[in-house]
Amino acid sequence: MRSGERINDRYRIEQQIGSGGMANVYRAHDEILNRTVAIKVLRSEFSHNEQFIRRFEREAHAATSLNHPNIVAIYDVGDEEDLYYIVMEHVDGVTLKQYLQEEYISVDEALRIMGQICDAIDHAHANRIIHRDIKPQNMMIDQHGNVKVTDFGIAVAMSNATLTHTMSVLGSVHYFSPEQARGKFADEKSDIYSLGAVLYELLTGRVPFIGETPVAVALQHLQDDPIRPMDLNPNVPQPLENCVMQALAKSPGSRHVSVAAFKKDCMTALSRERANEPKRLPVNQEEFDQTLVMTPVVAEEKPDTPAPSSPLPVSTEQETKEPVKKKKHKWWIWILLIIVLIGGSIAAYMVADEMSRAVVPDVVGMSIGDATSELENEGFVVEVTERASDDVKEGEVISQNPQEGRKPKQGTTVTIVVSAGKETVEMPNVEGLSQSAAERMLKDLAFSDLEIKTEASETVDSGDVISQSLDPGEEVVPSEVTVTLVVSTGSNKVELSNLAGYTFDEASTYADQNKLKIVRRDEFSTSVPKGQIIRQLPTAGTAVDPGTELTVIVSEGVEPTDVSIEREVNVEVEQPDEDEQPKAVEVVIRTVDARGEIEVLRDNITETTTYSYTLVIAPDEVGTATIEVDGEIVRTDSVTYAQAKEAQ
Amino acid sequence: MELAFRTDRGQVRTQNEDAVLILGDALSGVALVADGMGGHAAGEIASQIVIEEFRRAFPYLPSSPIEIERWFRHHIDLANEQVLQFAKQSNLVMMGTTMAAVCWNGETVVIVHIGDSRVYALTENELRRLTEDHSYVNMLKQLGELTEEEMRVHPKRNVITRAIGSSDQVEPDVQVLAEPEFESILICTDGLTTHVTDEVIQRVLQQAVTVDQKAEQLIVEANQLGGSDNITVALVQFTDRKRG
């Protein structure tokens, strides 16, 4: 955009005052309200990505709800054709990054700036807005030292994953929290971490972690402790360092509970009550979660530690104050005593100063007992933290802080981290998970020796874990155990196919293949051709165990019925002489057949006659007719079923 | 030797910023994919610049392994300069492209990549990924800080740490292999691997179908699972090498 150009017929561009990855910032004049404003204009390259635009607008709108003297006010969000812009309060000043010029500022000024930033972020949190991208580049400071924070929520729009394939929008990794590095959701605690990083920079003139690449920096956020601010700027008092280091805790649960708590911790750091505050011990929530217990070695000198289950309360320093003070008193009495004993005040001072400092010995690798006595001999207070380790034997010192060779005052607390032996984990419950999910979960927990067995199961789906060899909840060292998972191969049962229409032989083969016992039954059927299976028991679709009887009903074809056959018989009567009266004969025909025994005919005839009669023959039976003439059987007519059938 | 490639806009994007090039034959050749990025047409132009650079360069492909590596680096530098210059002229802040390429000449195979486009090789019954993504999440994963699962859902999973066009100097990963026993090589953009698992890729590559059908099948698989990005695959099947 050129100076003189107008946006929305209202804002006249005066000058470009900044440019970021996604937007340029201009100073402009609002001709309606007659005031100077800053306008952030989305670069036209990105004004075609609708999803991004929507998000950009939504986040900008959310930020308009914030009204606070330390937050750059948003006046207007708009678009004109392809131009997307945010109209903001114009701050006549420079960014905090420019202001610092890579040098640290006085502790007093750092706290004054930090207090304002905290107020801004606290206000946003109260309105449920997380900044997510707190960095000195997002803070404006004017010539009166007023600080205003800007770009609320924009980070979310920027990190939109569906935005173009990206290479430079990693954002500033110097201030983001370990959880943001991991891609976890950023919340209030992430903002507190970033505030800690900004305070670190105000106090030391450099960011907590310096690396050649963003990945190198991100990795340090995840793994490393920053150099202690006191080592970079001797003016930083211990309580303030404590505050910074707590905000920069890796675990969100170990940081201050709120921005207000962080602010209070900062703002009281210079108070007289806290003047003798010792180095605050890292209260790492995660470590506590992993069976870690602070072991008091010098019980009376150990500051109270909060209950492992609760996050570190902000008021810890109040609780730790008392015993420490007592200890210091003892020291002063001791030194005074020396002074008195030696006499001369100058000499006494020098001796006292020499006495009060000692070289920290190297105790890494020693047993806890040796390390403790060695350190105590040098006049240090020993604090022991246990941590699981695969490499260092139980009871041996893994690391120490301060390092060997440092020359802190005697009475300083030296923290030694002692191995609690190999790390144990709680055996997870993987039953019911898929094999791959279970394996992944176990491998993530460093279980390397997995054994897979398979088994049929009626209740567990194929591929899912039926059982595990170690009970859930059991504490084990993953590298030392073998975990056997029994994975289901699914049900053994056979779901019966529909065999209707198959031949018995085919069904037999099917039964053999599926280890079923086949039983045959035959039935007549008018619809199923002979030899084919009519139906089955159990019915198709039933899941059965191997060895089950499978009854198939095979068609015998159409049921045969009785057959009728017409038969004829010729009964001859001898013709008498012409003059003689014909002599009558009695003819009786009886049938024995499917109908039983029937007399079908009784007749008297005088001449040869042909009779017909019917035989009804049942399957495989024989029908018989007897023809009697005058009481004498003259003929027997037997017809088999087959013959009758054939004659049809 | 059979060659095939496919490039597809996917189901979500309105443009295809990927580009692909396959040139050559069984004796020598180059297969290359590029996944461009940047607003407007910047992504398409960036990936196209790389393709055109290698199209022009291919006739001058040298034969010795050392010379091939040098040839690759030289033309990547040239492409990088062109992208940087175009971005500068057009006042674009974010313009760049990934690149994954395979070049074969005689018995030598050279694998090159920048960014999160990948090269896979199928040997016997194993699919191997030959490239390590130059991405923020993959680097954290290599350092043991992220699991495969966390990587897949990380909001910054598509942030790459190297690209042509991102800085004056671009450092490709180059692997020179003598007589590798590959059955086939797949070169693809992250539009494929975002959705399709290595197991599925292997299954597709092992099917008894033409190399063309395999390429098509990979595109289909990615689109069925969402097709959230442009998808590009190039396949090189060393049919005659298989016996060796």
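From first to last, the protein sequence lines are chains B and F.
Using this note's numbering, you'd call the opening residue of the first sequence number 9 and step up by one each time.
Using this note's numbering, you'd call the opening residue of the second sequence number 11 and step up by one each time.
C-beta atoms are modelled at their ideal positions from N, C-alpha and C, and glycine is treated no differently.
About 11 Å separates the Cβ atoms of Ser194/F and Val243/F, ruling out a contact at the 8 Å cut-off. Runs of the beta strand (DSSP E) spanning 3 or more residues and lying entirely within the region 48 to 116 of chain B occur at 82 to 88, 91 to 97 and 101 to 103, in chain order. Gln151/B counts as exposed, since fewer than 16 other beta carbons sit within 10 angstroms of its beta carbon. Note that the C-beta distance between Tyr208/B and Ser185/B is not below 7 Å.
By the CB criterion at 7 Å, Leu137/F and Tyr130/F fall inside the cutoff. Where Lys523/B is concerned, there is no enclosing beta strand (DSSP E), because DSSP gives it neither an H nor an E. Not flagged as an interface residue toward chain F: Gly373/B, since no C-beta distance is shorter than 7 Å. Per DSSP, Glu226/F has no beta bridge partner at all. Residues of chain B whose Cβ lies closer than 7 Å to the Cβ of Leu132/F do not exist; the shortest such Cβ separation is about 21 Å.
A check of alpha carbon separations from Val495/B across His229/B, Asp472/B and Ser487/B identifies Asp472/B as the nearest.
Nearest in C-alpha terms to Gly191/B, of all of Leu13/F, Val169/F and Gln216/F, is Val169/F. Classified as exposed, Tyr70/F has fewer than 16 neighbouring CB atoms from the shown chains inside 10 Å of its CB. Under DSSP, the beta-bridge partners assigned to Arg575/B are Tyr621/B. C-alpha of Glu142/F to C-alpha of His133/B: approximately 40 Å in a straight line. Around the beta carbon of Val45/B, 16 or more other beta carbons sit within 10 angstroms, so the residue counts as buried.
Identification of chain F residues near Leu230/B by a Cβ-Cβ cut-off of 7 Å yields Glu155, ordered along the chain. Not a single CB atom of chain B sits nearer than 7 Å to the CB of Met109/F. Look at Tyr183/B here: in three-state DSSP terms it is coil, with no helix or strand label. Closest by C-alpha distance to Phe82/F, out of Arg162/F, Arg66/F, Ile55/F and Leu94/F, is Arg66/F.
Contact of Tyr146/F with chain B by beta-carbon distance below 8 Å involves Leu178, Pro222, Val223 and Ala226. Excluding sequence positions up to five before and after Val119/F, its CB lies within less than 6 Å of the CB of Leu187 and Pro190, all in the same chain and listed in chain order.
Beta-carbon to beta-carbon, Glu482/B and Met435/B are separated by about 4 Å, close enough to satisfy the 8 Å threshold. Rounded to the nearest whole angstrom, the C-alpha separation of Asp239/B and Glu382/B is 25 Å. For Met11/F, not one C-beta of chain B is nearer than 7 Å to its own C-beta. A contact is defined here as three or more CB-CB pairs under 8 Å, and the region 379 to 399 of chain B meets this definition with respect to the region 409 to 426 of chain B.
Note on the region 368 to 400 of chain B: whole beta strand (DSSP E) runs with a minimum of 3 residues are 389 to 395, in chain order. Under the DSSP assignment, Arg80/F falls outside any beta strand (DSSP E), being part of the alpha helix (DSSP H) whose first and last residues are Pro75 to Gln99.
A direct Cα-Cα distance of roughly 20 Å separates Ile55/F from Met30/B. The Cβ of Asp479/B sits no closer than 7 Å to any Cβ of chain F.
In this structure, Lys538/B lies away from Glu580/B, with their beta-carbon atoms at least 7 Å apart. Put simply, the backbone Cα of Ala118/B is about 27 Å away from that of Glu220/B.
Taking a 10 Å sphere around the C-beta of Gln234/F, we find fewer than 16 other C-beta atoms and assign the residue as exposed. Sorting Val392/B, Asp17/B and Val252/B by C-alpha distance to the C-alpha of Glu89/B places Asp17/B at the top. The DSSP-derived three-state label of Ile137/B is coil.
When C-alpha distances from Asp141/B are compared across Val206/B, Met122/B, Val99/B and Ser114/B, the shortest belongs to Val206/B. Taking a C-beta cut-off of 8 Å against chain F, the contacting residues of the region 445 to 478 of chain B are Arg448 and Asp452, listed in chain order.
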